[in-house]
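Remarks on the structure that follows.
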Amino acid sequence: MRLRDTRPLSAPLAGYDGRFDVAGWYLVRGVVRLKKTLGPSSPSLIDLGMGRGRDLIYFARHGFRVLGVDLSPVGLEKAKRRAARLKVPIRTRLEDIRTYRLKGKFDVVFSSCTLNHLLPKLRARRFDHFKGATARGGIHAVNVFIPKPNYSPSLDMDPTGSPYRPGELRGYYWDWHILDSREFEFDCTFSGVPHRHALDVVIARRPSRALDYAARENNSANG
Ligand SMILES: C[S@@+](CC[C@H](N)C(=O)[O-])C[C@H]1O[C@@H](n2cnc3c(N)ncnc32)[C@H](O)[C@@H]1O
Numbered sequence: 000m001r002l003r004d005t006r007p008l009s010a011p012l013a014g015y016d017g018r019f020d021v022a023g024w025y026l027v028r029g030v031v032r033l034k035k036t037l038g039p040s041s042p043s044l045i046d047l048g049m050g051r052g053r054d055l056i057y058f059a060r061h062g063f064r065v066l067g068v069d070l071s072p073v074g075l076e077k078a079k080r081r082a083a084r085l086k087v088p089i090r091t092r093l094e095d096i097r098t099y100r101l102k103g104k105f106d107v108v109f110s111s112c113t114l115n116h117l118l119p120k121l122r123a124r125r126f127d128h129f130k131g132a133t134a135r136g137g138i139h140a141v142n143v144f145i146p147k148p149n150y151s152p153s154l155d156m157d158p159t160g161s162p163y164r165p166g167e168l169r170g171y172y173w174d175w176h177i178l179d180s181r182e183f184e185f186d187c188t189f190s191g192v193p194h195r196h197a198l199d200v201v202i203a204r205r206p207s208r209a210l211d212y213a214a215r216e217n218n219s220a221n222g
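Take 0 as the starting number for the sequence shown in numbering that gives the first Met the number 0 and just add one per residue.
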């Protein structure tokens with residue numbers, strides 16, 4: 000299924016007119032559209048790199064049971080205060096996505112503009128872990144910065160981040176159903192210097208049973 004329809008699901012909350020508007024809001028909207036396909040009436044969702052909880056709170060308001068993790072205590076506090084003000088239930092944890100072990104199975108693993116903080120050598124193992132912590136039939140909705148000719152790598156990206164090769168993100172989901180995969184390019188003035196960014200976006204679903212050859216590969220890797 001391709002998410003071609005670009006009409007808003009509902010009016011975005013304040014905060015969705017900022018620099019990550021295009022790719023971030025696209026992902027959020029994609030997840031909310033797929034909610035009915037997830038099984039539970041209140042699907043569980045984890046946001047890896049929740050920032051100030053803008054997306055997390057939006058998901059909670061749309062009936063998801065949410066957990067957000069981030070390395071920044073400041074972001075977590077802001078999210079908790081805003082959620083309390085709005086009377087929206089959220090759970091948060093101060094965690095490092097490079098090492099954090101997800102507990103249980105989530106219906107949705109969501110991450111916007113954060114997975115660049117997984118350095119290339121960590122990525123395959125971390126994606127395997129995140130995928131393993133996803134319920135069968137559950138989805139991942141993720142985006143990452145990618146380089147483009149003549150673009151500054153990412154003027155506002157934290158120096159601990161590193162770009163993905165175009166198409167790399169999709170590759171981590173080789174044994175899942177790809178529901179949507181696309182590149183976004185957009186203008187940004189966040190750092191005060193107008194520039195452009197490019198992001199790869201993937202929405203993928205864990206199959207209801209492992210592909211035979213994927214299972215064989217995992218068995219031989221584990222044995
Ligand atoms: C560009 S912001 C995106 C925040 C949010 N997802 C959004 O779209 O507004 C990146 C976030 O990743 C968090 N972050 C960076 N490295 C991290 C790590 N190793 N573990 C967890 N969070 C991390 C930062 O604190 C920041 O909140």
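Glycine included, C-beta positions come from ideal geometry on N, C-alpha and C.
- DSSP lists no bridge partner for Leu70.
- DSSP places Glu94 outside both helix and strand once states are collapsed to three, so it counts as coil.
- Short of 6 angstroms from the beta carbon of Leu70, and not among the five residues preceding or following it, lie these beta carbons of its own chain, in chain order: Asp95.
- Residue environment: Val192 is assigned as exposed (fewer than 16 neighbouring CB atoms within 10 Å of its CB, all protein chains considered).
- Contact annotation: Val141 and Leu26 have beta-carbon atoms nearer than 9 angstroms.
- When DSSP reads this structure, Val143 sits in a beta bridge with Asp199.
- If you look at Asp127, you'll find it in the alpha helix (DSSP H) that goes 119–131.
- If you check the C-beta of Ser110 against ligand 1, you find a heavy atom less than 8 angstroms away.
- The Cβ atoms of Leu66 and Leu44 lie closer than 9 angstroms to each other.
- Distances between the C-beta of Thr36 and the heavy atoms of ligand 1 are all 8 angstroms or more.
- Per DSSP, the beta-bridge partners of Phe109 are Asp46, Ala140.
- In this structure the segment 109–121 touches the segment 46–53; the number of beta carbon pairs closer than 8 angstroms is three or more.
- Beta-bridge annotation (DSSP): Ser180 is paired with Val201.
- Around the beta carbon of Trp173, fewer than 16 other beta carbons sit within 10 angstroms, so the residue counts as exposed.
- When Val87, Leu178, Ala83 are compared, the shortest CA-CA separation from Arg32 is found for Leu178.
- Checking the 8 angstroms criterion, the Cβ of Asp46 is within range of a heavy atom belonging to ligand 1.
- One Cα belongs to Gly52, the other to Lys77, and the distance between them is close to 8 angstroms.
- Between Arg80 and Arg90, the alpha-carbon positions lie close to 12 angstroms from each other.
- Under the DSSP assignment, Phe63 falls outside any alpha helix (DSSP H); it carries neither an H nor an E label.
- Per DSSP, reduced to three states, the secondary structure at Asp54 is helical.
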